[in-house]
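Chemist: Here it is: the structure, laid out below.
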Amino acid sequence: MSRIQIQGFRPLKGRISIQGSKNAALPMMAAAVLHRGVTVLSNVPLIQDVECMKAILNSLGCRCIQKGGVLEIDASLLHTTQIPDCFMKQMRSAIILLGALLGRLGEASCCYPGGCLIGSRPIDLHLKALNGLGALAEEEELQVRVRAREGRGPTGGTIVLAYPSVGATEQALLGAVLAEGETRILGAAREPEICQLCRFLRGMGARVKGEGTDCLSVLGVKSFDLHDSFFSVGGDRIVAGTYMAAVMAATGDVQIRGADLEELKEPARLFMKAGARIRREERGRDFRISIKERPRGLTLETAPYPGFPTDLQSPFMAFLAGAMGESCIRETVFEERFATASQLEKMGARIKVEGLTASIKGVWPLMGARVTAGDLRGGAALAVAALGAGGTTVIEECRHIERGYEDICRDLSAVGAEIRWMDAEK
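In full-length UniProt numbering, the protein residues as written are 1 to 426.
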């Protein structure tokens with residue numbers, strides 16, 4: 001069992017380099033199967049979700065070789081369209097392989113996906129996107145099957161997303177690359193990771209435009225139009241936001257390297273409203289966050305980009321639990337993302353959850369306790385809270401954290417946190 005021990009009340013000072021984006025790298029890895037050749041990605045994070053996607057690709061006939069942050073994917077021998085159940089139950093985002101496999105081999109299947117327990121997260125938008133490409137997409141006995149009609153590949157069309165789902169947008173994009181004709185995706189997600197995916201696809205020869213807007217256009221190409229490519233994955237804005245939240249909880253002055261502050265505009269606005277100072281550095285995209293006293297309470301609501309990201313809701317709740325005054329968080333994306341509240345309450349937090357709203361009365365100080373990570377972001381949030389708490393906190397089930405953070409102990413230790421893995425292998 002992976003466990004982390006944290007001794008709180010240590011102001012943070014120094015520099016943290018941000019890993020490559022998980023939510024950008026995974027769809028690029030899935031997109032690699034569209035090309036009958038080699039794709040090279042750099043700045044790929046060394047996390048469990050990437051390991052899981054590599055295992056899936058290898059099971060489909062690809063050859064994945066990773067050295068440090070550089071990952072080479074050779075999809076020339078891809079031959080299987082069934083994604084193994086064991087991997088689908090580990091990582092929900094593997095479902096976006098359906099669109100890529102549909103384009104490459106004309107069919108795909110998998111079991112119903114698993115992942116973090118943060119809400120129902122139905123896959124109906126994914127299936128509607130694939131149906132919009134002329135495919136037969138259906139669920140049957142917890143299996144998802146997609147196949148081209150009458151032996152043909154996918155065909156272009158207009159896909160209207162009722163909600164700007166990142167996963168469904170990625171699904172539609174990957175399915176449209178090798179579709180016959182033009183595909184328009186209306187109501188598309190605008191997240192920075194979607195923009196990265198569009199640039200990556202163009203780099204391998206796809207004809208995609210419109211990223212950053214809610215209307216994407218894909219003009220289908222033939223498989224031989226795609227070519228070997230190289231792409232460097234951008235920094236992970238959610239990891240950066242998590243470490244910024246850690247500074248808010250513990251106080252301090254930390255330089256964040258390798259993340260784009262423009263992608264964190266709404267979280268940065270709220271950090272400053274709570275009392276932080278954020279300033280850009282002269283070097284590239286680096287910036288610095290500092291706070292000397294307890295943060296002030298906030299009112300916020302999660303929303304699709306450019307709104308406040310649901311993935312940072314738990315880390316914000318963690319530092320607001322020790323903030324001055326009262327805070328209110330409304331979760332509009334995943335209905336069960338308040339599960340971390342019950343673990344924060346073990347540390348003395350006063351949080352009242354009613355439906356989609358959490359009301360927080362700041363308590364100072366929180367006190368260390370034995371808590372359990374129930375999901376990826378919630379687990380990281382518990383580390384944030386522990387840094388601003390008195391005494392010692394032990395976080396159990398930290399395998400969830402490893403799905404998205406290369407080494408949270410390494411990164412936070414680098415800026416003065418007293419945090420360590422309790423298992424010998426760490």
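All C-beta atoms in this analysis are idealised placements derived from N, C-alpha and C, irrespective of residue type, glycine included.
(1) Tell me which residue opens and which closes the beta strand (DSSP E) that K13 is part of.
(2) Is there contact here, the region 375-393 with the region 1-21, by at least three beta-carbon pairs under 8 angstroms?
(3) For D286, name the three-state secondary structure that DSSP assigns.
(4) When you compare only the Cα positions, how much space is there between C86 and A129?
(5) Whose C-alpha, out of A100, G69 and R92, is nearest the C-alpha of L60?
(6) According to DSSP, what are the bridge partners of S109?
(7) Less than 7 angstroms between C-beta atoms, sequence neighbours within five positions excluded: which residues of the same chain meet that for K346?
(8) Relative to the C-alpha of R288, which residue among L102, R277, G404 and R296 is closest?
(9) Can you tell me where the alpha helix (DSSP H) with D411 in it begins and where it stops?
(10) Decide yes or no for the touch test of the region 31-38 against the region 65-83: beta carbon pairs closer than 8 angstroms, at least 3 of them.
(11) Tell me, which residues are paired with E140 by DSSP?
(12) Could you spell out the range, first to last residue, of the beta strand (DSSP E) harbouring C215?
(13) Do V363 and R350 count as a contact pair if the criterion is CB distance below 8 angstroms?
(14) What alpha helix (DSSP H) runs, 4 residues minimum, are completely inside the region 192-271?
(15) Secondary structure at R121, three-state DSSP: helix, strand or coil?
(16) So, at 7 angstroms on beta carbons, what are the nonlocal neighbours of R279 in its own chain, with the 5 sequence-adjacent residues on each side left out?
(17) What's the C-alpha gap between E107 and R377?
(18) Between the alpha carbons of Q48 and H400, how many angstroms are there, rounded?
(19) For A318, which of T340, P304 and D311 has the nearest alpha-carbon?
(20) Hey, would you say G134 sits closer than 8 angstroms to R149, going by beta carbons?
(21) Which runs of the beta strand (DSSP E), 3 residues or longer, sit entirely within the region 279-355?
(22) Please tell me whether L161 has its Cβ less than 8 angstroms away from any Cβ of chain D.
(23) I'd like the list of long-range same chain contacts for L117, defined as Cβ closer than 8 angstroms, with 5 residues on each side in sequence excluded.
(24) Let me check one thing: in DSSP terms, what residues is G20 bridge-paired to?
(25) Are M28 and V233 close, meaning C-beta to C-beta below 8 angstroms?
(26) Is the beta carbon of M324 closer than 8 angstroms to that of R285?
(27) Between the alpha carbons of M244 and K273, how many angstroms are there, rounded?
(28) Taking the CB atoms as reference points, tell me whether V177 and V239 lie closer together than 8 angstroms.
Modeler: Working from what's here:
(1) Here the beta strand (DSSP E) through K13 covers L12 to S17.
(2) Because the criterion of three Cβ pairs below 8 angstroms is met, the region 375-393 and the region 1-21 touch.
(3) Judged by DSSP in its simplified three-state form, D286 adopts coil rather than helix or strand.
(4) Cα to Cα, the separation comes out at about 25 angstroms.
(5) Comparing alpha carbon positions, the residue from A100, G69 and R92 closest to L60 is A100.
(6) Per DSSP, Q82 and R145.
(7) Taken in chain order, the residues that qualify are A369 and V371.
(8) With distances taken between Cα atoms, R288 lies closest to R277.
(9) Where D411 is concerned, the enclosing alpha helix (DSSP H) stretches over I408 to S413.
(10) Yes: at least three Cβ pairs fall under 8 angstroms.
(11) According to DSSP, E140 bridges with Q143.
(12) That run of the beta strand (DSSP E) goes C215 to L219.
(13) Yes, they are a contact pair.
(14) Listed in chain order, they are 192-203 and 237-250.
(15) Because R121 sits at a pLDDT of 48, beneath the cut-off of 50, its placement in the model cannot be relied upon, and the following sentence gives the value as read from the coordinates. Looking at R121 - three-state DSSP - the assignment turns out to be coil, as it is neither helix nor strand.
(16) Excluding sequence neighbours, R279 sits near F287 and R288.
(17) Their backbone Cα atoms lie some 33 angstroms apart in a straight line.
(18) Spanning the alpha carbons of Q48 and H400 requires a straight line of approximately 9 angstroms.
(19) Closest in C-alpha terms to A318, from the list T340, P304 and D311, comes T340.
(20) A contact, by the Cβ cut-off of 8 angstroms.
(21) Entirely contained in the region 279-355, the beta strand (DSSP E) runs reaching 3 residues are, in chain order, 287-291, 299-301, 326-330 and 350-354.
(22) The structure shown has no chain D; it contains just one protein chain.
(23) Reliability of the predicted coordinates at L117 is poor, the pLDDT of 42 falling under 50, and the value obtained from them is presented with this limitation in mind. Same-chain partners within the cutoff: E336, A339, G374 and D375.
(24) Beta bridge pairing from DSSP links G20 with G235.
(25) A contact, by the Cβ cut-off of 8 angstroms.
(26) It is not a contact, given that the beta carbons lie outside the stated cut-off.
(27) Cα to Cα, the separation comes out at about 14 angstroms.
(28) 8 angstroms or more divides the Cβ of V177 from the Cβ of V239.
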